[in-house]
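Chemist: For reference, the structure I am asking about is given below.
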């Protein structure tokens, strides 16, 4: 019987051109537009950025810099993982654990202050002139805002938290460079100014970040290193494939669920329920149909991403199918619930559009999550969009194994199950009148 | 309760018999006892009791809102009664056995508009549990029975009204039920399609299928039904054969219909004074003897009413309906 329901659903879909175009063509166009506009480009506004701080030096200067970063209002800096309720106090991050945390998506960036920083904390002049190891800025380039932002904040914090050190170091540089301003000193200063002018004329001067920065990196030497996806072409492609895909899946699932209302209005539902098909069987059949349709949609979407945007789909098939199955089932259940709580097709369409656009905005389908304030990110956890995007990012960006997708899959599947049970309960009104 | 095959008396699909559907078999295909269904303050069905005998065709007549549709939906298990009972071959209406034995053709065109005729029949046959060759045979028979074999691959939404009606019937009978409920199956079809639908129903009846038929058309009920139940305000107000109903309502009396040559404003009052009714065009009377017409004509002449023609006829179902409900069936 379920097979018959599936065949019926697909045959109707094949002949409904509007639904067909909405399901398979519009998402591709929409996704392509987003991919072209946002793929790999940087944003110019940001909320507070999470950053891990590791102090390997433990000098007075490094501790003051750490304190400065911890108190910097535009950063959410922390030196150790959050303590779990009733659990032991976690130990401070090391360089290795901070790098692992950035790779796992705990924070988009980590600042590692190296040993010896306290001896030469300030670096006036070209990078190579500083005797100290540069500060390491580890970052995840799927968040294109975090790295330059943290780098800039680092320079600012040095100015505000180490002004005396800056002055002392400046005098040292002055003595080294000028001495007593003899003619020879005058010549050396002129040469240094010449170097600075040369540096200032370079296009990337003063950026303090970027891919493996060179030249002078501000008051402190900072070396930026990508720790996630160094070899990947465009960090945002997987994000938008999932983000746009899930939003359109929700629309498609809403339309597929709406067939229940069509059948109720035409009298076909009465006829079906007077046959040997129970309401549970009917809903299950429609859920599976809707989920299969969603899986096909997502597969087409990611194949398109692989073909046009070089997304590495074929080395991530396990994670892709795991996330696609969980995402498809959850959005199908959403469609069932939407139909079962609506009394007319028009009501369902209006409610669905509103809910889907809201979920998509909050869940990260319309705007990158790194642009969102923490409160919106928390609300986003109530949406399928957010969990699906997180899961696909783990698969395609962080190269995490399928086992690491369990939290996202569990959230999607448990959420989907709850919605389906609710849909079954609301569908009781159709069983008898 | 004995289980028996209802297929022994059902029709067959060409040379191939479909798998037998086991249903609880009693001698009474349908028994309704003191059925009551209320929707809020409205009592749609108010204590109806009915029995339909094996191979019988029972006509359900009633004006809109009389409770027919609620009664039909209670029979197919889509309405839970507040009290009373319905049994289909002795089984509860929403039991698997009753669902297998019942075929319901709703008044609405309850079809998948984007599926072809064959695909619609395949879907509804599958919902009834048919598989494989039995399903294919059933589809072939239904297409032939509904005269849609040449439109098997046409999508339902492009069919004519009559074809959609026939496909609607076929979809309700794909599983070869023993008891068939036809809810106004000729609504909105042309006379040619109506005759074809009559042929389809007569084929069913010839195969031994028990039929319950609701309609607004008296001539359909007179042509197809062995027995008629008139429903009004949630009650069965009369039931029996056509002759029994006429006898109960009119005895040996006859109908007299009198038409006037120009619309007389006094005709209504005059008809009422003579014990008849006036419908705006004609006056209606019932008379014990044909010779009573002379008395009516004399009275009309004295009242200076110009009579154009007079008809004497034996009362029909429409007369019975008008007599019992005070309303025309199509109101």
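Residue numbers (this note's numbering), protein chains in the order written: chain A, 1 to 433; chain B, 1 to 331. Using N, Cα and C, we set each Cβ at its ideal position, and we do this for glycine too.
Along the region 117-138 of chain B, what residues have a CB closer than 8 Å to any CB found in chain A?
Modeler: From the region 117-138 of chain B, only 119, 122, 123, 124, 126, 127, 128 and 129 have a Cβ closer than 8 Å to chain A.
Chemist: Give the DSSP bridge partners of residue 213 of chain B, in chain order.
Modeler: Taking the second chain and counting its residues from 1, the one referred to as residue 213 of chain B is at position 213. B:59 and B:182.
Chemist: CB-CB under 8 Å to residue 51 of chain B, same chain, minus the five flanking residues each way: which ones, in chain order?
Modeler: Looking up residue 51 of chain B in the second chain gives position 51. Closer than 8 Å at Cβ, skipping near neighbours: 28, 30, 31 and 32.
Chemist: Give the straight-line distance between the Cα atoms of residue 12 of chain A and residue 292 of chain A, rounded to the nearest whole angstrom.
Modeler: Numbered from 1 along the first chain, position 12 holds the residue referred to as residue 12 of chain A. Numbered from 1 along the first chain, position 292 holds the residue referred to as residue 292 of chain A. About 14 Å.
Chemist: For residue 432 of chain A and chain B, any beta-carbon pair shorter than 8 Å?
Modeler: In the first chain, counting from the first residue as 1, residue 432 of chain A sits at position 432. With 8 Å as the cut-off, residue 432 of chain A counts as an interface residue toward chain B.
Chemist: Quick check on residue 205 of chain A: does DSSP put it in helix, strand or coil?
Modeler: Stepping through the first chain from its first residue, residue 205 of chain A is reached at position 205. Low per-residue confidence applies at residue 205 of chain A: pLDDT is 39, beneath 50, and the placement is therefore not dependable, though the value from the model is reported in the following sentence. Coil.
Chemist: Just confirm the distance between the C-beta atoms of residue 297 of chain A and residue 252 of chain A, as a whole number of angstroms; I'd bet it's less than 8 Å.
Modeler: Taking the first chain and counting its residues from 1, the one referred to as residue 297 of chain A is at position 297. Taking the first chain and counting its residues from 1, the one referred to as residue 252 of chain A is at position 252. Yes, they are in contact, since the Cβ atoms of residue 297 of chain A and residue 252 of chain A sit about 6 Å apart, within 8 Å.
Chemist: Rounded to whole angstroms, what's the CA-CA distance from residue 270 of chain A to residue 47 of chain B? Just pull it up for me.
Modeler: Here residue 270 of chain A refers to the residue found at position 270 when the first chain is read from its first residue. Here residue 47 of chain B refers to the residue found at position 47 when the second chain is read from its first residue. Those two C-alpha atoms are separated by around 24 Å.
Chemist: DSSP state of residue 425 of chain A, grouped into three classes?
Modeler: For the purposes of this step, residue 425 of chain A is taken as the residue at position 425 of the first chain. Reduced to three states, the DSSP call for residue 425 of chain A is helix.
Chemist: Tell me, please, which residues DSSP counts as bridged to residue 116 of chain B.
Modeler: One-based indexing of the second chain puts residue 116 of chain B at position 116. Its beta-bridge partners are B:155.
Chemist: Exposed or buried, residue 511 of chain A, counting other C-beta atoms within 10 Å across all chains shown (16 or more means buried)?
Modeler: No answer is possible for residue 511 of chain A: it lies beyond the span of chain A, which begins at 1 and ends at 433.
Chemist: Check each candidate in B:145, B:103 and B:303 and name the one with the smallest Cα separation from residue 265 of chain B.
Modeler: Residue 265 of chain B sits at position 265 when you count from the first residue of the second chain. The option with the nearest alpha carbon to residue 265 of chain B is B:303.
Chemist: Taking 8 Å as the threshold (beta carbon to beta carbon), is residue 112 of chain B in contact with chain A?
Modeler: Within the second chain, numbered from 1, the residue matching residue 112 of chain B stands at position 112. Yes, its Cβ sits closer than 8 Å to a Cβ of chain A.
Chemist: Spatial neighbours of residue 194 of chain B within its chain, please: CB distance less than 6 Å, with the 5 preceding and 5 following residues excluded, ordered by chain position.
Modeler: For the purposes of this step, residue 194 of chain B is taken as the residue at position 194 of the second chain. Excluding positions up to five away in sequence, the list reads 186.
Chemist: Check each candidate in A:7, A:76, A:410 and A:394 and name the one with the smallest Cα separation from residue 105 of chain A.
Modeler: Taking the first chain and counting its residues from 1, the one referred to as residue 105 of chain A is at position 105. Of the candidates A:7, A:76, A:410 and A:394, the one whose C-alpha sits nearest the C-alpha of residue 105 of chain A is A:394.
Chemist: Between residue 43 of chain A and chain B, is there a C-beta pair that is closer than 8 Å?
Modeler: Translated into positions along the first chain, residue 43 of chain A becomes position 43. Any reading at residue 43 of chain A must be qualified, since the residue scores a pLDDT of 44, below 50, and its modelled position is unreliable; no value is offered.
Chemist: On the premise that residue 158 of chain A lies in contact with residue 220 of chain A, defined as a C-beta separation below 8 Å, what is that separation, rounded to the nearest angstrom?
Modeler: Position 220 of the first chain, counting from 1, holds the residue named residue 220 of chain A. Position 158 of the first chain, counting from 1, holds the residue named residue 158 of chain A. About 5 Å separates the two Cβ atoms, so the contact holds.
Chemist: Between residue 344 of chain A and chain B, is the shortest Cβ-Cβ distance under 8 Å, so that the two count as touching?
Modeler: Numbered from its first residue, the first chain carries residue 344 of chain A at position 344. So, not an interface residue.
Chemist: Residue 77 of chain B versus chain A: which residues are under 7 Å apart at the beta carbon?
Modeler: The count along the second chain starts at 1 and reaches residue 77 of chain B at position 77. The answer, in chain order, is 274.
Chemist: Can you check whether the CB of residue 62 of chain A is closer than 8 Å to the CB of residue 152 of chain A?
Modeler: The sequence position of residue 152 of chain A within the first chain is 152, counting from 1. The sequence position of residue 62 of chain A within the first chain is 62, counting from 1. No. Outside cutoff.
Chemist: Which residues in the same chain as residue 289 of chain A place their Cβ atom closer than 6 Å to its Cβ, once the five residues preceding and following it in sequence are excluded?
Modeler: Mapped onto the first chain, residue 289 of chain A falls at position 289. So the list reads 6 and 9, once near-sequence residues are dropped.
Chemist: Once DSSP output is grouped into helix, strand and coil, what is the label at residue 189 of chain B?
Modeler: Start at 1 with the first residue of the second chain, and residue 189 of chain B comes out as number 189. Note: residue 189 of chain B maps to coil in three-state DSSP.
Chemist: Expressed to the nearest angstrom, what Euclidean distance is found between the alpha-carbon atoms of residue 56 of chain B and residue 419 of chain A?
Modeler: As a first step, residue 56 of chain B must be located in the second chain, where it is residue number 56. As a first step, residue 419 of chain A must be located in the first chain, where it is residue number 419. Their Cα atoms are separated by approximately 48 Å.
Chemist: Around the Cβ of residue 34 of chain B, are there at least 16 other Cβ atoms within 10 angstroms (buried) or fewer (exposed)?
Modeler: Numbered from its first residue, the second chain carries residue 34 of chain B at position 34. It counts as exposed.
Chemist: Determine the chain B residues that contact residue 268 of chain A at a beta-carbon separation under 7 Å, and present them in chain order.
Modeler: Against the first chain, residue 268 of chain A aligns to sequence position 268. Those within 7 Å of residue 268 of chain A in chain B are 110, 111 and 112.
Chemist: What are the uninterrupted segments assigned as alpha helix (DSSP H) that are 4 or more residues long and contained completely in the region 332-418 of chain A, given in chain order?
Modeler: Here the runs fully enclosed are 345-363, 374-380 and 384-396.
Chemist: Would you list the residues sitting across from residue 230 of chain B in a DSSP beta bridge?
Modeler: Residue mapping note: residue 230 of chain B aligns to position 230 of the second chain, counting from 1. Answer is B:61 and B:238, bridged to residue 230 of chain B.
Chemist: Is DSSP giving residue 76 of chain A helix, strand or coil here?
Modeler: The sequence position of residue 76 of chain A within the first chain is 76, counting from 1. Strand.
Chemist: What are the boundary residues of the alpha helix (DSSP H) that residue 155 of chain A is part of?
Modeler: By one-based count along the first chain, residue 155 of chain A stands at place 155. 146-161 is the extent of the alpha helix (DSSP H) around residue 155 of chain A.
Chemist: Please confirm if residue 209 of chain A has its CB atom under 8 Å from at least one CB of chain B.
Modeler: The residue given as residue 209 of chain A occupies position 209 in the first chain. With a pLDDT of 37 at residue 209 of chain A, under the threshold of 50, the predicted position of this residue should be treated as unreliable, though the coordinate-derived value follows. By this cut-off, residue 209 of chain A is not an interface position.
Chemist: If you measure from the beta carbon of residue 4 of chain A to each beta carbon in chain B, is any gap under 8 Å?
Modeler: For the purposes of this step, residue 4 of chain A is identified with residue 4 of the first chain, where counting begins at 1. By this cut-off, residue 4 of chain A is an interface position.
Chemist: So what does DSSP say about residue 258 of chain B, is it helix, strand or coil?
Modeler: Walking along the second chain from the start, residue 258 of chain B turns up at place 258. Three-state DSSP puts residue 258 of chain B in a strand.
Chemist: Kindly list, in the order they appear in chain A, the residues whose Cβ is closer than 9 Å to that of residue 63 of chain B.
Modeler: Against the second chain, residue 63 of chain B aligns to sequence position 63. Within chain A, no residue comes near residue 63 of chain B; the closest Cβ sits about 21 Å away, beyond 9 Å.
Chemist: In three-state DSSP terms, what is residue 216 of chain A?
Modeler: Here residue 216 of chain A corresponds to residue number 216 of the first chain, with the count starting at 1. Confidence at residue 216 of chain A is low in this model, with a pLDDT of 41, below 50, so its placement is unreliable and the value that follows should be read with caution. Coil at residue 216 of chain A, not helix or strand.
Chemist: Residue 226 of chain A bridges to which residues according to DSSP?
Modeler: In the first chain, residue 226 of chain A corresponds to position 226, counting from 1. Partner(s): A:139.
Chemist: Hey, would you say residue 204 of chain B sits closer than 8 Å to residue 167 of chain B, going by beta carbons?
Modeler: Numbered from 1 along the second chain, position 204 holds the residue referred to as residue 204 of chain B. Numbered from 1 along the second chain, position 167 holds the residue referred to as residue 167 of chain B. No, Cβ-Cβ distance for residue 204 of chain B and residue 167 of chain B is not below 8 Å.
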